[in-house]
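*Asks:* Once you know that position 131 of the sequence shown is 132 in my numbering, the rest is easy, because the numbers rise by one and skip nothing.
Think of the CB as a built atom: it goes at the ideal place given N, C-alpha and C, for glycine as much as any other residue.
From a predicted model like this one, the values you see are computed outputs, not experimental measurements.
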Amino acid sequence: MTANAKKRVLSGIQPSGNLTIGNYIGALRQWVAEQDAYDCFFCVVDLHSLTLPQDPAHLRAKTREVAALYIASGIDPDKATIFIQSHVPAHTELAWILSCLTPLGWLYRMTQFKDKAAKQQQESVGAGLLNYPTLMAADILLYQAHAVPVGDDQRQHLEYTRDLAQRFNHLYGETFVLPDAMIPKTGARIMGLDNPLAKMSKSEASEGHAVYLLDTPAVARKKLMRAVTDSGREIIFGESPEKAGVNNLLTIYQAITGQSNADIEAHFAGKGYGDLKKEVGEAVVSLLTPLQARYQELMAEGGYLDKVLAHGAQKANEVANQTLAQVRQCIGLVAPS
């Protein structure tokens with residue numbers, strides 16, 4: 002990398018479930034802020050979604066939906082590379098190569114695997130769930146990413162990626178950049194409206210769990226008015242489990258308005274939880290309205306989205322194939338003629 006070259010960032014979101022305000026605040030908004038300072042690659046990680054059964058038509062539709070939401074959220078295809086993971090075959094080839102270097106013990110220690118496997122019968126757990134971190138490592142290492150925007154729950158996967166890159170570099174010589182985690186300072190962890198002790202998830206089926214980016218204003222307001230709080234009245238930021246619901250609403254409000262803790266607490270002094278929920282609802286609607294308008298434009302002119310994804314795939318393949326060729330040379334595979 003030349004002295005003036007931008008450092009590279011790579012991240013992605015699965016097209017399973019519906020993207021939430023948590024995805025926007027914790028990821029998409031940060032990606033938008035990074036696109037001027039970094040060489041950004043943002044993919045829709047459709048291959049990762051295959052760890053669970055998917056309806057084919059639904060998966061195709063959701064993949065395009067997520068790509069369109071990237072752009073509607075403010076990611077500029079002229080500044081960042083937007084592509085679909087499965088459009089770059091190098092992801093799966095590198096994942097296989099890396100899986101052959103990965104001790105099983107490393108994979109069995111992954112917290113996310115243990116948590117998800119515990120919810121299923123052992124014999125029904127797919128090998129893809131176990132190897133999920135290796136595909137994620139391939140996603141990152143293919144693009145020689147210097148930084149990866151991740152939430153706290155993905156830190157272990159990034160450490161695994163670094164360990165795997167170091168192992169490869171030790172065995173075959175310096176090949177991969179060791180990526181660092183890029184954790185947002187605020188709003189990194191938006192919690193569920195129905196359970197403020199659990200992270201907001203786009204795959205949670207509960208109706209009142211999350212506000213989705215494509216919820217109508219009426220639905221968004223209704224969900225927020227029903228958000229879990231507590232039996233008190235004090236509207237302040239706090240770490241105690243009893244105030245988790247109020248803290249979550251304040252965190253959402255702060256992430257959207259950009260106000261300080263002190264200013265927000267002063268604003269809500271003497272007000273009730275109903276006032277808090279109503280104002281958070283209005284803030285969320287003000288965020289979603291222009292985003293949804295842009296999304297509808299993109300879906301109405303589908304040819305533009307297809308062009309963005311085709312161009313992104315072309316650029317991603319060029320970068321990924323360079324890395325893969327180097328890896329193939331290192332491990333002794335015969336280059337195609």
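Go ahead and label asparagine 24 buried or exposed: buried means 16 or more other beta carbons lie within 10 angstroms of its beta carbon, across all protein chains shown.
*Replies:* Its Cβ being crowded by 16 or more others within 10 Å, asparagine 24 is buried.
*Asks:* If tyrosine 133 and histidine 49 are in contact, beta carbons under 8 angstroms, what's the gap, nearest whole angstrom?
*Replies:* 6 angstroms between Cβ atoms; contact.
*Asks:* Taking only the alpha-carbon atoms, compute the straight-line gap between glycine 257 and isoleucine 332 and give it to the nearest angstrom.
*Replies:* For the sequence presented, residue 257 should be read as isoleucine rather than glycine. Approximately 48 angstroms between the Cα atoms of the pair.
*Asks:* How big is the Cα-Cα spacing for glutamate 66 and aspartate 195?
*Replies:* Taking the straight line joining both Cα atoms gives about 25 angstroms.
*Asks:* Can you tell me where the beta strand (DSSP E) with isoleucine 141 in it begins and where it stops?
*Replies:* Note, isoleucine 141: premise wrong, no beta strand (DSSP E); alpha helix (DSSP H) at 128-143.
*Asks:* Over what stretch of residues does the beta strand (DSSP E) that includes aspartate 181 continue unbroken?
*Replies:* From DSSP, the beta strand (DSSP E) with aspartate 181 extends over 181-183.
*Asks:* Any chance you could list the alpha helix (DSSP H) runs of at least 4 consecutive residues sitting entirely within the stretch 262-296, in chain order?
*Replies:* Listed in chain order, they are 262-269.
*Asks:* How is the beta strand (DSSP E) around threonine 82 delimited, first residue to last?
*Replies:* Where threonine 82 is concerned, the enclosing beta strand (DSSP E) stretches over 82-85.
*Asks:* Please classify proline 1: is it buried, with 16 or more other beta-carbons within 10 angstroms of its beta-carbon, or exposed?
*Replies:* Outside the displayed range of the chain (2 to 338) lies residue 1, so it cannot be described from this structure.
*Asks:* With DSSP as the reference, identify every bridge partner of threonine 230, one or two as the case may be.
*Replies:* According to DSSP, which records beta bridges pairwise, threonine 230 is partnered with nothing at all.
*Asks:* Candidates Ser12, Pro337, Ala294, Leu310: which alpha carbon is nearest glutamine 145's?
*Replies:* Of Ser12, Pro337, Ala294, Leu310, the residue nearest in Cα terms is Ser12.
*Asks:* Answer yes or no: do valine 212 and proline 180 have a C-beta to C-beta separation smaller than 7 angstroms?
*Replies:* Result no, Cβ atoms of valine 212 and proline 180 do not sit closer than 7 angstroms.
*Asks:* If you drop the 5 nearest sequence neighbours on each side, which residues of the same chain put their C-beta closer than 8 angstroms to that of aspartate 164?
*Replies:* Same-chain partners within the cutoff: Trp107.
*Asks:* Indicate the three-state DSSP secondary structure (helix, strand or coil) for valine 247 in the structure shown.
*Replies:* Looking at valine 247 - three-state DSSP - the assignment turns out to be helix.
*Asks:* Helix, strand or coil for leucine 11? Go by DSSP, reduced to three states.
*Replies:* DSSP places leucine 11 in strand when its eight states are reduced to three.
*Asks:* Quick one: grab the DSSP three-state call for methionine 192.
*Replies:* Methionine 192 falls in the strand class under three-state DSSP.
*Asks:* Rounded to whole angstroms, what is the Cα-Cα separation between threonine 64 and valine 328?
*Replies:* Their backbone Cα atoms lie some 29 angstroms apart in a straight line.
*Asks:* What did DSSP end up calling threonine 21 once you bin it into helix, strand or coil?
*Replies:* If DSSP states are grouped into helix, strand and coil, threonine 21 belongs with the strands.
*Asks:* Under a CB-based cut-off of 7 angstroms, is valine 178 close to chain B?
*Replies:* Considering every chain present, this structure includes no chain B. It has just one protein chain.
*Asks:* Whose C-beta lies closer than 7 angstroms to the C-beta of leucine 99 among residues of the same chain, with five residues either side of it excluded?
*Replies:* Only Thr135, Ala138, Ala139, Leu165 meet the Cβ criterion.
*Asks:* Pairing CB atoms from the stretch 270-289 with CB atoms from the stretch 221-230, are three or more of them under 8 angstroms?
*Replies:* Flag = yes, the stretch 270-289 and the stretch 221-230 touch.
*Asks:* With DSSP collapsed to three states, give me the class of lysine 1.
*Replies:* In the structure displayed, the chain extends from 2 to 338; residue 1 sits before or after that span and is not available.
*Asks:* Spatial neighbours of methionine 2 within its chain, please: C-beta separation below 7 angstroms, excluding the five flanking residues on both sides.
*Replies:* With a pLDDT of only 49 at methionine 2, under the threshold of 50, the placement of this residue in the model should not be trusted, and no figure is reported.
*Asks:* Are the stretch 200-209 and the stretch 168-177 touching by the rule of at least three beta carbon pairs closer than 8 angstroms?
*Replies:* Segments in contact, no.
*Asks:* Cβ of threonine 324 within 7 angstroms of Cβ of leucine 143?
*Replies:* Yes. Within cutoff.
*Asks:* For glutamate 35, is the classification buried or exposed, using 16 other Cβ atoms within 10 angstroms of its Cβ as the cut-off for buried?
*Replies:* Counting Cβ neighbours within 10 Å, glutamate 35 comes out buried, since at least 16 surround it.
*Asks:* My output table needs one value for tyrosine 213: the three-state DSSP class, helix, strand or coil.
*Replies:* Looking at tyrosine 213 - three-state DSSP - the assignment turns out to be strand.
*Asks:* With H, G and I counted as helix, E and B as strand and the rest as coil, what does DSSP make of valine 220?
*Replies:* The answer is helix: DSSP assigns valine 220 an H, G or I state.
*Asks:* Whole angstroms are fine: how far does the CA of glycine 304 sit from the CA of glutamate 298?
*Replies:* Glutamate 298 and glycine 304: Cα-Cα distance of roughly 11 angstroms.
*Asks:* Can you look up alanine 321 in the DSSP assignment and give me helix, strand or coil?
*Replies:* Here alanine 321 sits in helix by DSSP.
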